[in-house]
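Asks: The structure that follows is given in the form of structure tokens.
Protein chains: 2
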Amino acid sequence: MNNSFATYLKNNAKMTDQQLEQLEGAIVKKTFQKGQFLSQKDSICKHAFFVESGLVRLYTIDSNGKEHVIQFAPENWFTGDRSSVYFNEISEYYIDAIEDTTVVLLDANFNNRAIEISPEFRIYNEKLLQNHIRHLQKRISMLIGASAEERYLDFIDLYPDLTLRVPQWMIASFLGITPESLSRVRKELARRNFRP
Amino acid sequence: MNNSFATYLKNNAKMTDQQLEQLEGAIVKKTFQKGQFLSQKDSICKHAFFVESGLVRLYTIDSNGKEHVIQFAPENWFTGDRSSVYFNEISEYYIDAIEDTTVVLLDANFNNRAIEISPEFRIYNEKLLQNHIRHLQKRISMLIGASAEERYLDFIDLYPDLTLRVPQWMIASFLGITPESLSRVRKELARRNFRP
DNA sequence: CGTCGAATTGATGTCATTCAACTACAGTGG
DNA sequence: CCACTGTAGTTGAATGACATCAATTCGACG
């Protein structure tokens with residue numbers, strides 16, 4: 000069985016095998032098939048997720064029925080509407096599986112136990128949040144200031160493998176442009192001999 | 000002297016007067032005049048800030064020399080490039096005072112002491128980060144999906160008082176449009192008898 | 001009153017959207 | 001095995017939203 004979560008905690012939160020054993024009971028995993036929902040809008044999302052394998056997306060649907068991808072989460076990423084978990088609020092987001100996916104379910108209980116067991120975990124968890132904020136701010140400044148082409152180049156720079164795993168129309172949705180526009184951006188890049 | 004930070008911690012992080020006394024030594028305040036920098040790009044930002052009074056903005060300047068406002072922080076808000084503080088990295092952002100402003104300087108030391116003294120503080124701090132993430136995600140989905148007008152309406156809904164305190168060209172920069180476009184959006188709203 | 005930056009307005013340009021047609025390909029059922 | 005269907009991706013022409021540039025106007029302040 001895949002156990003990348005334990006490995007991840009060892010490497011990043013510097014947890015020991017002993018501590019991980021203590022946590023064992025709090026670790027719950029679940030598998031979703033391609034296309035299944037991990038969580039839906041207007042429901043209370045009880046967990047965040049750590050993706051062990053596969054790929055999921057977090058997105059909204061606006062008042063015109065259009066999807067907007069907020070985040071992709073491939074293996075070893077965290078995702079989920081944490082504020083729904085945390086504040087027990089109704090979620091604004093959908094999360095579904097782009098590929099068959101196995102995740103670890105993370106709830107408040109898990110968090111508290113992990114912090115109890117390992118002070119390092121608390122530090123790491125905070126770092127994660129800070130880092131997340133940093134990414135979001137970067138993305139905002141791209142959306143404010145950069146053209147569609149610049150945003151696409153930034154995307155393939157940041158997530159080179161996702162370029163192949165995610166259908167083009169979803170990437171367009173992530174970039175905030177239409178699939179047609181992305182197609183044209185790619186055509187133009189090809190014309191200028193751009194190599195991915 | 001203004002002591003809104005203590006009040007804030009009492010109300011939000013549920014800290015007691017005793018705990019606050021213990022923290023006293025770690026609380027450092029500083030005042031900036033309108034136009035002064037709290038922090039600049041390419042320097043390591045040693046603190047985050049809690050704004051006791053006044054108003055600051057956090058922004059970048061892109062490769063074309065254009066400013067993009069990432070965040071406004073009026074009284075009782077936190078701001079700062081936390082990732083620069085946290086990871087000791089060079090900051091991407093400028094922070095300057097839009098009005099004469101008094102802030103509390105928050106560094107890693109302050110954070111650690113506060114967490115030591117009050118477990119509630121740790122919880123609250125985490126909530127703050129979650130909340131920040133929620134706001135940023137909302138903003139991203141607005142930038143991806145909403146028109147200039149919708150974004151402006153959302154802005155005055157979220158920050159009604161800032162509409163008066165912040166010059167229009169900065170609001171435009173926050174919304175990701177030009178001052179001219181914002182002017183036209185406002186004109187159009189006025190034509191339709193929109194009341195702020 | 002004169003100055004300087006902010007805000008408005010108009011004319012024009014650019015980038016991305018929209019809508020529609022068409023191609024490519026994968027899956028389904030006869 | 002081939003026709004039928006549906007989805008992704010591409011392309012073209014027309015449209016729309018916002019940007020750019022230039023010319024005023026407004027308003028605060030010395």
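Quick note, the sequences are listed as chains A and B, same order.
Everything in the first sequence is counted per numbering that gives the first Met the number 0, starting at 0 for the first residue and increasing by one.
Everything in the second sequence is counted per numbering that gives the first Met the number 0, starting at 0 for the first residue and increasing by one.
Glycine included, every Cβ here is placed at the ideal spot set by N, Cα and C.
#1: Ile116 (chain B): which of B:Lys186, B:Leu19 and B:Tyr58 sits nearest, CA to CA?
#2: Starting from the beta carbon of Arg138 (chain A), find every residue of chain B whose beta carbon is closer than 7 angstroms, and list them in chain order.
#3: With DSSP as the reference, label His67 (chain A) as helix, strand or coil.
#4: Is DSSP giving Val184 (chain A) helix, strand or coil here?
#5: When you check each C-beta in the segment 170-191 of chain A against every C-beta of chain B, which residues fall closer than 7 angstroms?
#6: Which residue comes first and which comes last in the alpha helix (DSSP H) that contains Phe193 (chain A)?
#7: Report buried or exposed for Gln167 (chain A), applying the criterion of at least 16 other Cβ atoms within 10 angstroms of its Cβ.
#8: Can you find the residues in the same chain that come closer than 7 angstroms, C-beta to C-beta, to Cys44 (chain A), ignoring five residues on each side of it along the sequence?
#9: Can you list, in chain order, the residues of its chain whose CB lies under 6 angstroms from that of Glu74 (chain B), leaving out five sequence neighbours each side?
#10: For Arg133 (chain A), would you say it is in contact with chain B, using Cβ-to-Cβ distances shorter than 8 angstroms as the test?
#11: Among the residues of its own chain, which have a CB less than 7 angstroms from the CB of Gly175 (chain A), if the five just before and after it don't count?
#12: If you run the structure through DSSP and keep just helix, strand and coil, what is Lys137 (chain B)?
#13: Does the beta carbon of Gly144 (chain B) come closer than 8 angstroms to any beta carbon on chain A?
#14: Check whether the Cβ of Thr100 (chain B) lies closer than 8 angstroms to any Cβ atom in chain A.
#15: Less than 7 angstroms between the CB of Phe31 (chain B) and some heavy atom of the ligand COA, yes or no?
#16: Can the beta-carbon of Leu157 (chain A) be found closer than 8 angstroms to that of Ile132 (chain B)?
#17: Which value, in whole angstroms, describes the spacing of the CA atoms of Asn110 (chain B) and Arg138 (chain B)?
#18: Examine chain A for any beta-carbon lying closer than 8 angstroms to the beta-carbon of Gln17 (chain B), and answer yes or no.
#19: Please decide whether Asp61 (chain B) counts as near chain A, where near means a Cβ-Cβ distance under 8 angstroms.
#20: Between which two residues does the beta strand (DSSP E) holding Ile60 (chain A) run?
#21: Check the Cβ of Ser82 (chain B) against every Cβ in chain A and list those closer than 8 angstroms, keeping chain order.
#22: Just to confirm, are Asp106 (chain A) and Lys33 (chain A) a CB contact at a threshold of 8 angstroms?
#23: Report the residue from A:Ala25, A:Glu187, A:Gln35 and A:Arg164 whose alpha carbon sits nearest the alpha carbon of Leu152 (chain A).
#24: I believe Asp95 (chain A) touches Arg56 (chain A) by the beta-carbon criterion, under 8 angstroms. Please report the beta-carbon distance rounded to the nearest angstrom.
#25: Please name the residue in A:Asn63, A:Thr177, A:Asp41 and A:Thr6 whose C-alpha comes closest to that of Glu88 (chain A).
#26: Are Phe48 (chain A) and Leu104 (chain A) touching if we call contact CB-CB under 8 angstroms?
#27: Hey, Lys28 (chain B) and Val102 (chain B) are a contact pair by Cβ (cut 8 angstroms); roughly how many whole angstroms apart?
#28: In the DSSP assignment, find the unbroken alpha helix (DSSP H) run with Thr15 (chain A) in it and report its ends.
#29: Can a CB atom of chain A be found closer than 8 angstroms to the CB of Lys40 (chain B)?
#30: Anything in chain A within Cβ reach of Ile69 (chain B), meaning under 9 angstroms, just list it in chain order.
#31: Shorter than 8 angstroms from the beta carbon of Tyr85 (chain A) to some beta carbon of chain B?
#32: Give me the chain B residues within the contact set of Lys65 (chain A), using Cβ-Cβ distance strictly less than 8 angstroms, ordered along the chain.
#33: With a CB to CB cut of under 7 angstroms and the five nearest residues on each side skipped, what residues in its chain are close to Val68 (chain A)?
#34: Please name the residue in A:Tyr7, A:Arg191 and A:Met14 whose C-alpha comes closest to that of Glu119 (chain A).
#35: Over what stretch of residues does the beta strand (DSSP E) that includes Ala96 (chain B) continue unbroken?
Replies: From the atom records:
#1: By one-based count along the second sequence, residue 116 (chain B) stands at place 117. For Ile116 (chain B), the nearest C-alpha among the options comes from B:Leu19.
#2: The count along the first sequence starts at 1 and reaches residue 138 (chain A) at position 139. Around Arg138 (chain A), the beta-carbon contacts reaching into chain B at under 7 angstroms are Ile139.
#3: As a first step, residue 67 (chain A) is located in the first sequence; it is residue number 68 there, counting from the start. Reduced to three states, the DSSP call for His67 (chain A) is strand.
#4: Position 185 of the first sequence holds residue 184 (chain A). Val184 (chain A) falls in the helix class under three-state DSSP.
#5: Answer set for the segment 170-191 of chain A: Gly175.
#6: Position 194 of the first sequence holds residue 193 (chain A). Looking at the DSSP string, Phe193 (chain A) is not in any alpha helix (DSSP H), and its letter there is neither H nor E.
#7: Mapped onto the first sequence, residue 167 (chain A) falls at position 168. It counts as exposed.
#8: In the first sequence, residue 44 (chain A) corresponds to position 45, counting from 1. Taking Cys44 (chain A) as the centre and dropping the five residues before and after it, the same chain places the C-beta of Ser38, Gly79, Asp80, Ser83, Val84 and Ser90 closer than 7 angstroms to its C-beta, in chain order.
#9: Counting from one through the second sequence, the residue named residue 74 (chain B) turns up at place 75. Counting only Cβ-Cβ distances below 6 angstroms, and skipping sequence neighbours, we find Val50 and Ser52.
#10: Within the first sequence, numbered from 1, the residue matching residue 133 (chain A) stands at position 134. Chain B places a beta carbon closer than 8 angstroms to that of Arg133 (chain A), counting this residue as a contact.
#11: Within the first sequence, numbered from 1, the residue matching residue 175 (chain A) stands at position 176. Result list for Gly175 (chain A): Leu142, in chain order.
#12: In the second sequence, counting from the first residue as 1, residue 137 (chain B) sits at position 138. Lys137 (chain B) falls in the helix class under three-state DSSP.
#13: Stepping through the second sequence from its first residue, residue 144 (chain B) is reached at position 145. Chain A contact via Cβ: present.
#14: To locate residue 100 (chain B), count along the second sequence from 1; it is residue 101. Not closer than 8 angstroms to any Cβ of chain A, the Cβ of Thr100 (chain B) fails to qualify, so no.
#15: The ligand COA is not part of this structure, which contains no ligands at all.
#16: Position 158 of the first sequence holds residue 157 (chain A). Position 133 of the second sequence holds residue 132 (chain B). Contact: no.
#17: On the second sequence, residue 110 (chain B) is found 111 positions in, with the first residue counted as 1. On the second sequence, residue 138 (chain B) is found 139 positions in, with the first residue counted as 1. Taking the straight line from one Cα to the other gives about 27 angstroms.
#18: Here residue 17 (chain B) is taken as the residue at index 18 of the second sequence, counted from 1. No, no contact with chain A.
#19: Numbered from its first residue, the second sequence carries residue 61 (chain B) at position 62. With respect to chain A, the C-beta atom of Asp61 (chain B) has a partner C-beta closer than 8 angstroms.
#20: To locate residue 60 (chain A), count along the first sequence from 1; it is residue 61. Where Ile60 (chain A) is concerned, the enclosing beta strand (DSSP E) stretches over Leu54 to Ile60.
#21: Position 83 of the second sequence holds residue 82 (chain B). Neighbours of Ser82 (chain B) on chain A, chain order: Gln129, Asn130, Ile132 and Arg133.
#22: For this step, residue 106 (chain A) is matched to residue 107 along the first sequence. For this step, residue 33 (chain A) is matched to residue 34 along the first sequence. Not in contact: Asp106 (chain A) and Lys33 (chain A) (Cβ atoms no closer than 8 angstroms).
#23: Here the question's residue 152 (chain A) lines up with position 153 in the first sequence. The residue among A:Ala25, A:Glu187, A:Gln35 and A:Arg164 with its C-alpha nearest the C-alpha of Leu152 (chain A) is A:Glu187.
#24: As a position in the first sequence, residue 95 (chain A) is number 96, starting the count at 1. As a position in the first sequence, residue 56 (chain A) is number 57, starting the count at 1. Taking a contact as a CB-CB distance under 8 angstroms, the pair Asp95 (chain A) and Arg56 (chain A) counts as one, their CB atoms being some 6 angstroms apart.
#25: Reading the first sequence from its first residue, position 89 is the one you call residue 88 (chain A). Taking only the C-alpha atoms, the option nearest Glu88 (chain A) is A:Asp41.
#26: Start at 1 with the first residue of the first sequence, and residue 48 (chain A) comes out as number 49. Start at 1 with the first residue of the first sequence, and residue 104 (chain A) comes out as number 105. A contact, by the Cβ cut-off of 8 angstroms.
#27: Position 29 of the second sequence, counted from the first residue, corresponds to residue 28 (chain B). Position 103 of the second sequence, counted from the first residue, corresponds to residue 102 (chain B). Yes, Lys28 (chain B) and Val102 (chain B) are in contact; Cβ-Cβ is about 7 angstroms, under 8 angstroms.
#28: Reading the first sequence from its first residue, position 16 is the one you call residue 15 (chain A). In the DSSP assignment, Thr15 (chain A) falls outside any alpha helix (DSSP H) and carries neither an H nor an E.
#29: As a working mapping, residue 40 (chain B) is identified with position 41 in the second sequence. Lys40 (chain B) does not count as touching chain A.
#30: As a first step, residue 69 (chain B) is located in the second sequence; it is residue number 70 there, counting from the start. The contact set of Ile69 (chain B) on chain A, defined by CB atoms closer than 9 angstroms, consists of Gln136, Ile139, Ser140 and Ile143 in chain order.
#31: One-based indexing of the first sequence puts residue 85 (chain A) at position 86. The C-beta of Tyr85 (chain A) comes closer than 8 angstroms to at least one C-beta of chain B.
#32: Residue mapping note: residue 65 (chain A) aligns to position 66 of the first sequence, counting from 1. For Lys65 (chain A), the chain B residues whose Cβ falls inside 8 angstroms of its Cβ are Gly144, in order along the chain.
#33: Here residue 68 (chain A) refers to the residue found at position 69 of the first sequence. Within the same chain, Val68 (chain A) has close Cβ partners Arg56, Tyr58, Met169, Ser172 and Phe173.
#34: Here residue 119 (chain A) refers to the residue found at position 120 when the first sequence is read from its first residue. Residue A:Met14 is the option with its Cα nearest to Glu119 (chain A).
#35: Taking the second sequence and counting its residues from 1, the one referred to as residue 96 (chain B) is at position 97. Tyr93 to Ala96 is the span of the beta strand (DSSP E), which, as asked, contains Ala96 (chain B).
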